[in-house]
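For the record, the sequence lines run as chains A and B. When we follow the numbering used here, the leftmost residue of the first sequence carries the number 1, and every step to the right adds one. When we follow the numbering used here, the leftmost residue of the second sequence carries the number 1, and every step to the right adds one. I have placed the structure first, in the form of C-alpha cells, so that the comments after it can refer back to it.
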Amino acid sequence: MSDDISPSAVRDSAADETAANTSHATHDVNSNHSDDSGGSSDAQSDVKSNATSDDGSHATDVVEPEAPAPAPPPMAVWTIREPDEPWCPEAFLEPLTRALGKDMADRLLARSPHERGEHAQQGDWTITGALKRGRRHAHVGAFNEDALFVHLGASRGVLVVADGAGSSAYSRIGSTVAVEIVGAALRNAAALNEAAAHDAMERAVSALQAIATGAKVDAKALRTTVLVAAWEPSATGTRVLTMQVGDGALVLAHQDGRVSRPTAGDAGEWSGEVHCFVPDSETMTYARKATVLTDVPDLAALLLVTDGVDDAMYPFPKYAPLILGQLVHGADAPLTGLNAQPVTPSLLASNAPGDVLLTWLGFEKRGENDDRTLAVALHRSAPQAIAPWAP
Amino acid sequence: MTTRRLPVFILADVSGSMQGTPIESVKAGIRQLHRDLLGDPQAIESAYLSILTFGNSAQQVVPLTEVAQFNPPELQASGVTNFGDGLRLLLESFDRELVRTTADVKGDWRPLVFILSDGAPTDVDWPMYAQQLRERRPANIIAVACGDQADVNVLKQVTENVILMQEMSPDAFRAFFSFVSASVKQTSQKVGAVADGSAITLPPPPPGITIVP
C-alpha cells in the first residue's frame, strides 16, 4: 500500500491527535490500483505536522514549582469498520446490469469501493485520479460515496468526479453509475460540444431513474453531484468542455500560472447543501446553466475535486495553484491551514502516480473527514507553467 | 481555511413550573448529551453547543462552544414563560455567532435547534419571532412539548418538527437527550442535502416520545 503513514514523523501534542486520526489509513488498504501495479515505493509515507515543535528555547534560570497541567481536551479517536451490507444490494443488481451492461457492471462490482488510484499517459497529456473513503464513513462502517472516471485517448481526455449525497441511502450507486455513463458518453461522442455534454447528462439521469424504478426506491435515494471535464486539440489550442451539477470544484491552469474556474460550484448558505442533485427533475436546467465550451490557447492543467477536497481547501481557486504545485513538483510540507499532510513526490516523477495521489488525499484537517476525490490532467508544459509549492 | 462547525442550540424553558425534577433532569440530560458527543470523533471535531434559557427573560447561559471545551451549566427554574424573549435571543445568537458561506469563507453546517417547553407562553411577542424563524428557516428546529401542559400548537408555529414527551420523569428526559445526541450524530454524518431548508430526517424517537404530525 502507498499510504503507510508513520506516526513517528508527527510532532507535538496537536499532531498527536493527528497520529491517532491517521491510524485508519495504515489499515484501510482495499486498494485497487488498476493502472498502478508497478508498485508504490515512491509514494512517500511521512506525515508532517503544520504545528511547530517546542525547541526548548523557553528555558529559564528560575526553577518554579510546576503547576498541574490542565487536562488535555478529549481527542477524536477514529476507527475503521467494514460496511454490514453489500456495496450493491440484491435489489439493485439486475437494474444496474441493465443500465451499464454486464461487463461494466461486473467490473464495478469487482473493484474496491473504498479507495482507488488511476493513471494514464498519452501524447502531451498525463491524467491521474484517486478517490478515498473519508474517516467519517470508515468510522461508522459506511461506504465511500464518491466516484471517479478517467479516460485518455489518442485525441480526447475525459475526467468525471461525483459525490453521492450523504442524505441519500444509495448515493454510492448513483455517483458510480453517473460517472460511468457520463464518462463513456463523452468518450464516444462524435464531437465535443454542449449537445454532447447534455446528452451525456440526460443518459445519466435516465439510467439512475431506471435503476431506482428497477430497485423499487425513490430516485432521490441515488442523488449525486457530477463534475465533468473533456478536452481535445483544437485549431487554436485545446477545446475544453466542462459541466457541473452540485458542488465540488473544477479549475483550469494556464501556462502563465493563472487559474480560471469555468463553472462555479452550486453551494447553499450552509455547508453541505446544494440546490440540485442528479437525477432531480431540475438536473438538466442546472446542467445547461453550468456547461461551458471554450478554446483555451494556453492550457497547462485541469483539476477536478469533490467537496471532500474543496471544502477543506476553500476558496478552491486560491488553493488550486498550490495543490497543482504539490502534485507537479512534490509536497514536502503541509499546505497552510492543514493539520498534517503526507510527503509525496511529483506525480510526473513517479512510476505509480495513482498511489501517490491516493497518499496525497490523506491530508488532515480538523472537521474535514468526508470522502475525497481528485482528478488532474497535466499537459507537458505543466512543469514550467506551474510553480513549485513552497511553505 | 477555517473549521466548519455544526452549531447545536438548546433553548430550554426554565420557568417556575420546571422547578424540581424537570430542571434537574434537563441539567442531567445536558451532561449526558455532552458525554455522548465526546465519544463521537466527528462531533468532537465539528459540533458546537450553546445553551439558552427563557423564564422571566432569556439568557444565553453558554455561548456556542466546541464540545471538547463545553462545561454543562447550572440551571435554575423560576418565573414566567417568556417564550418570545427566548426566540428573540435565539435569532440574535444566529446573527451574532453563525458563519454563512461566502466566496471566501465556507460556512457552518445548518444549525440544529432543540426547544424544550412545558407550558404556554406568558408574553405576547412570541408569534412575531416564531414567524421570523418559520420564514427565514435559519436552522433545523425540533421543538419538544414536555408533559401534558405544554402547548403543542404554539410550538407548531415555530417548526413543523414537534415531538411530544408525555411524561416529565428523569427517564423521559434521559430518553429525549439520547434522541438529541443521535440527531446531532446523524446530522454530522449525513452531510449533503438540498438547500431548501426542508424538514430533516430525524432518528426514530425513543419510547415515550412521539412525533406530533
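All residues carry an ideal CB built from backbone N, CA and C; glycine is no exception.
Query                                                                                                                                                                         : Result
Distance cutoff 7 Å, beta carbons only. Does Thr26(A) sit that close to anything in chain B?                                                                                  : Any reading at Thr26(A) needs caution, since the residue's pLDDT is 33, under 50, leaving its predicted position unreliable; the model's value is listed next. Thr26(A) does not count as touching chain B.
When DSSP labels each residue in this structure, what does Asp85(B) get in the three-state scheme?                                                                            : helix
Can you give the Cα-Cα distance for Asn71(B) and Tyr319(A), rounded to whole angstroms?                                                                                       : 37 Å
Within the same chain, show all residues whose beta-carbon is closer than 7 Å to that of Ser171(A), passing over the 5 residues directly before and after it, in chain order. : Glu145, Gly164, Ala165, Leu222, Arg223 and Thr224
With DSSP run on the structure shown, which of helix, strand or coil describes Gly159(A)?                                                                                     : Checking the sequence, you will find Leu at residue 159(A) rather than Gly. If DSSP states are grouped into helix, strand and coil, Leu159(A) belongs with the strands.
Quick check on the burial criterion: 16 or more other C-beta atoms within 10 angstroms. Buried or exposed for Gly39(B)?                                                       : exposed
Expressed to the nearest angstrom, what Euclidean distance is found between the alpha-carbon atoms of Asn188(A) and Ala178(A)?                                                : 15 Å
Please classify Thr242(A) as buried or exposed, where buried requires at least 16 neighbouring CB atoms within 10 angstroms.                                                  : buried
Below 9 Å on C-beta distance, what does Trp109(B) contact in chain A?                                                                                                         : Trp270, Ser271, Gly272 and Glu273
Note down the Cα distance separating Val64(B) from Phe9(B), rounded to an integer number of angstroms.                                                                        : For clarity, residue 64(B) is Leu in the given sequence; the question names Val instead. Distance between the alpha carbons of Leu64(B) and Phe9(B) is about 8 Å.
Please name the residues in the stretch 138-162 of chain A whose beta-carbon is closer than 9 Å to at least one beta-carbon of chain B, in chain order.                       : His139, Val140, Ala142 and Glu145
Starting from Leu227(A), trace the beta strand (DSSP E) both ways and give me its first and last residue.                                                                     : Val226 to Ser234
I'd like to know whether the C-beta of Ala47(B) is nearer than 7 Å to at least one C-beta of chain A.                                                                         : no
So Gly308(A) and Arg372(A) are in contact, right, with Cβ under 8 Å, and what is the actual spacing, rounded?                                                                 : 4 Å
Under 7 Å, Cβ to Cβ, is there at least one residue of chain B near Trp78(A)?                                                                                                  : yes
Could you please give the first and the last residue of the uninterrupted beta strand (DSSP E) stretch that includes Val165(B)?                                               : The sequence shown places Met at residue 165(B), rather than the Val named in the question. Residues Val162 to Met165.
Using a C-beta cutoff of 7 Å, does Arg366(A) count as contacting chain B?                                                                                                     : yes
Where Gln255(A) and Pro383(A) are concerned, what is the direct C-alpha to C-alpha distance, given to the nearest angstrom?                                                   : 10 Å
Let's test the definition: count the other Cβ atoms within 10 Å of the Cβ of Pro345(A) and tell me whether it reaches 16, buried, or not, exposed.                            : buried
With three or more C-beta pairs closer than 8 Å as the rule, is the stretch 50-62 of chain B touching the stretch 72-79 of chain B?                                           : yes
Using only alpha-carbon positions, find the residue among His137(A), Arg156(A), Lys289(A) and Ala91(A) that is nearest to His379(A).                                          : Arg156(A)
With a CB to CB cut of under 8 Å and the five nearest residues on each side skipped, what residues in its chain are close to Gln131(B)?                                       : Gln157
DSSP puts Arg372(A) in a beta bridge; with which residues?                                                                                                                    : Lys132(A)
Quick check on the DSSP output: the beta strand (DSSP E) that includes Asn140(B) runs from which residue to which?                                                            : Asn140 to Cys146
Given that Thr101(B) touches chain A, what residues does it touch there, using C-beta distances under 8 Å?                                                                    : Ala267, Gly268, Glu269, Trp270 and Ser271
Let me see if you follow: with CB-CB separation under 7 Å, is Thr187(B) close to chain A or not?                                                                              : no
Taking the alpha helix (DSSP H) that Asp106(A) falls in, what are its first and last residues?                                                                                : Lys102 to Ala110
Tell me the rounded alpha-carbon separation between His114(A) and Gly134(A).                                                                                                  : 9 Å
For the alpha helix (DSSP H) containing Ile211(B), name the first residue and the last one.                                                                                   : Not the alpha helix (DSSP H): Ile211(B) falls in the beta strand (DSSP E), residues Ile209 to Val212.
Taking Cβ-Cβ distances shorter than 8 Å, what residues in chain A pair up with Leu91(B)?                                                                                      : Within chain A, no residue comes near Leu91(B); the closest Cβ sits about 15 Å away, beyond 8 Å.
Measure the CB-CB distance between Ala207(A) and Ala99(A) and report whether it falls below 7 Å.                                                                              : yes
I need the DSSP call for Gly237(A), collapsed to helix, strand or coil.                                                                                                       : strand
Got a sec, what are the start and stop residues for the alpha helix (DSSP H) Arg172(A) sits in?                                                                               : Ser171 to Asn188
Quick check for students: name the residue ranges of the beta strand (DSSP E) that lie wholly in the stretch 268-342 of chain A, counting only runs of 3 or more.             : 291-296, 299-305 and 340-342
Alpha carbon to alpha carbon, how far is Val376(A) from Trp360(A)?                                                                                                            : 13 Å
Can you tell me which of the three DSSP states Ile115(B) falls into?                                                                                                          : strand
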